[in-house]
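What follows is a short report on a single structure.
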Amino acid sequence: DYTRVNRTGQKLFINGRPVVSPAINNALSRAYDEFLPARRFPAAVLFFDISPDAVDVNVHPAKREVRIRNERSFLDRLTGAVRAELRRRGFHVPEPEHEVLRSSDFSARETRAPFLHERGVETSWRVPAFARPFIDSRPDMPQHEPRLRAEQPLLDTHGPEDLPFDMTRIVGQLHACYLVAESRDGFLLVDQHAAHERIVYEELLAGMQRGKPAVQQLLFPATLNLGARESALLQQDREFFEAMGFGVEDLGGGSFSISEVPACLTDSDAAALLTDCLHELLERSRPTSFDSRKQEVAAVLACKTYAVKAGRTLDAAEQLHLVRRLAACDNPHVCPHGRPTFIRIGSAEIEKRYVIEVEPLRMGNAENILSIRRKQANRRHAGRSHRHSDIRRFAQV
19 DYTRVNRTGQ
29 KLFINGRPVV
39 SPAINNALSR
49 AYDEFLPARR
59 FPAAVLFFDI
69 SPDAVDVNVH
79 PAKREVRIRN
89 ERSFLDRLTG
99 AVRAELRRRG
109 FHVPEPEHEV
119 LRSSDFSARE
129 TRAPFLHERG
139 VETSWRVPAF
149 ARPFIDSRPD
159 MPQHEPRLRA
169 EQPLLDTHGP
179 EDLPFDMTRI
189 VGQLHACYLV
199 AESRDGFLLV
209 DQHAAHERIV
219 YEELLAGMQR
229 GKPAVQQLLF
239 PATLNLGARE
249 SALLQQDREF
259 FEAMGFGVED
269 LGGGSFSISE
279 VPACLTDSDA
289 AALLTDCLHE
299 LLERSRPTSF
309 DSRKQEVAAV
319 LACKTYAVKA
329 GRTLDAAEQL
339 HLVRRLAACD
349 NPHVCPHGRP
359 TFIRIGSAEI
369 EKRYVIEVEP
379 LRMGNAENIL
389 SIRRKQANRR
399 HAGRSHRHSD
409 IRRFAQV
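If you read the sequence shown in the working numbering, its first letter stands for residue 19, the second for the next number, and so on.
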């Protein structure tokens with residue numbers, strides 16, 4: 019694991035000398051903000067070669083803490099360089115080894131499974147026509163049962179070359195929260211909500227970077243009636259919302275009209291979505307870990323969007339569409355808050371659960387597995403026979 023619960027795993031050296039710099043530590047954390055969950059810090063050893071004239075070592079009597087000239091520019095370059103390298107390498111937090119999976123871990127609710135890092139996650143994605151049924155919140159929709167949905171075809175027509183992340187087959191949906199996919203060496207669990215957060219987040223930011231986000235005109239503009247705090251916040255962040263594709267008009271008296279929404283949020287209730295987003299931003303008491311306000315706004319919008327939430331039933335085509343769009347993201351491994359979008363369980367880990375005392379097998383090698391089971395059963399039967407024989411001899415004596 020490359021993360022810690024604090025910053026003690028971060029060591030800094032300037033011109034070969036160990037130093038302390040909270041500013042550099044914070045810049046490093048900003049670089050990892052999209053890659054790590056809350057309250058986790060990267061372990062790192064950083065060496066800097068800087069002109070001695072640009073370093074002030076008289077900040078602290080022990081000369082450990084330093085201050086760098088033009089510090090803001092230096093820190094921005096550091097954050098940008100580290101983040102770019104993380105994206106290039108596809109960095110993500112490794113899944114913990116030997117994690118025990120219990121049936122209680124998969125309760126049918128909208129929270130995440132305990133074995134995922136907790137924190138309140140996957141590019142131009144527009145909900146396709148076949149996805150309409152599961153994004154419509156209908157009160158008459160039957161409640162799902164906690165079971166693995168495998169009634170539909172198992173996508174055998176899609177070969178491994180058609181699936182990302184080394185998947186060989188999408189098996190189905192678990193508790194309307196996770197997608198289960200067989201891989202070449204085990205299986206994957208995809209958190210459908212975390213994956214969709216990543217998709218929407220990158221879609222919103224991509225629209226801002228293009229300067230021309232894809233938008234959808236509302237047939238009937240939505241009206242927001244906000245309190246003083248929410249109204250002030252919307253005015254403050256209005257440029258970010260508009261850059262993402264929201265058409266916002268101030269009607270005065272805390273009322274606003276929404277005439278356009280980003281195309282990826284077409285099926286959401288625009289007024290409720292913006293209201294929830296503003297409430298979330300107001301409730302955050304700690305300083306934002308995002309390097310820009312627009313990223314924070316995009317992350318909250320992606321989390322609050324009313325699309326693929328936990329509890330939504332997806333058919334086979336929708337499952338395939340979701341994982342393919344996730345794979346197309348720049349950073350498909352985690353949501354914008356650093357929570358994993360999927361975890362892998364290897365075949366070796368599965369075999370350990372059944373205490374198979376042989377060298378690791380490969381998934382699908384059914385004959386070997388059955389042979390091992392028979393040998394184990396024979397050993398148990400032989401053990402019982404010996405014990406019965408000992409009992410008979412003892413009785414005769």
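Heads up, the beta-carbon is just placed ideally off N, CA and C, and yes, glycines get one too.
Nearest-angstrom Cα separation, counted from residue j out to residue i
i       : j       : result
Cys-4   : Glu-215 : The structure shown does not extend to residue 4, since the chain spans only 19 to 415, so no value can be given for it.
Ser-47  : Pro-60  : 7 Å
Tyr-219 : Leu-319 : 8 Å
Tyr-196 : Arg-22  : 28 Å
Glu-89  : Arg-187 : 50 Å
Asn-44  : Asn-24  : 12 Å
Asn-243 : Gly-272 : 6 Å
Tyr-50  : Asn-396 : 53 Å
Val-266 : Ala-345 : 32 Å
Ser-91  : Glu-301 : 31 Å
Pro-79  : Ala-41  : 18 Å
Gly-98  : Phe-66  : 16 Å
Gly-27  : Arg-58  : 11 Å
Glu-369 : Arg-105 : 33 Å
Gly-364 : Arg-202 : 9 Å
Leu-292 : Leu-54  : 26 Å
Exposure label - residue i; buried when at least 16 CB within 10 Å
i       : result
Glu-257 : exposed
Ser-69  : exposed
Gly-356 : buried
Pro-36  : exposed
Phe-205 : buried
His-351 : buried
His-211 : buried
Asp-180 : exposed
Leu-269 : exposed
Ala-290 : exposed
Thr-359 : buried
Gly-229 : exposed
Bridge partner(s) assigned by DSSP for residue i
i       : result
Met-262 : Answer is none; Met-262 lacks a bridge partner.
Lys-29  : Val-63
Met-185 : Ser-201
Thr-21  : Pro-60
Val-75  : Its beta-bridge partners do not exist; DSSP assigns none.
Selection from the options that minimises the alpha carbon distance to residue i
i       : options                           : result
Glu-260 : Thr-97, Asn-88, Cys-195, Lys-312  : Lys-312
Asp-74  : Val-233, Ser-286, Asn-33, Met-226 : Asn-33
Phe-31  : Leu-222, Leu-64, Phe-53           : Leu-64
Contact belief for residue i with residue j at Cβ below 8 Å, rounded distance in angstroms
i       : j       : result
Ser-286 : Thr-323 : 5 Å
Leu-222 : Met-262 : 5 Å
Asn-349 : Glu-52  : 6 Å
Val-208 : Val-341 : 6 Å
Val-84  : Ser-39  : 6 Å
Arg-330 : Ala-199 : About 17 Å; that fails the 8 Å criterion.
Leu-299 : Leu-251 : 6 Å
Pro-354 : Pro-280 : Not confirmed; about 15 Å, so no contact.
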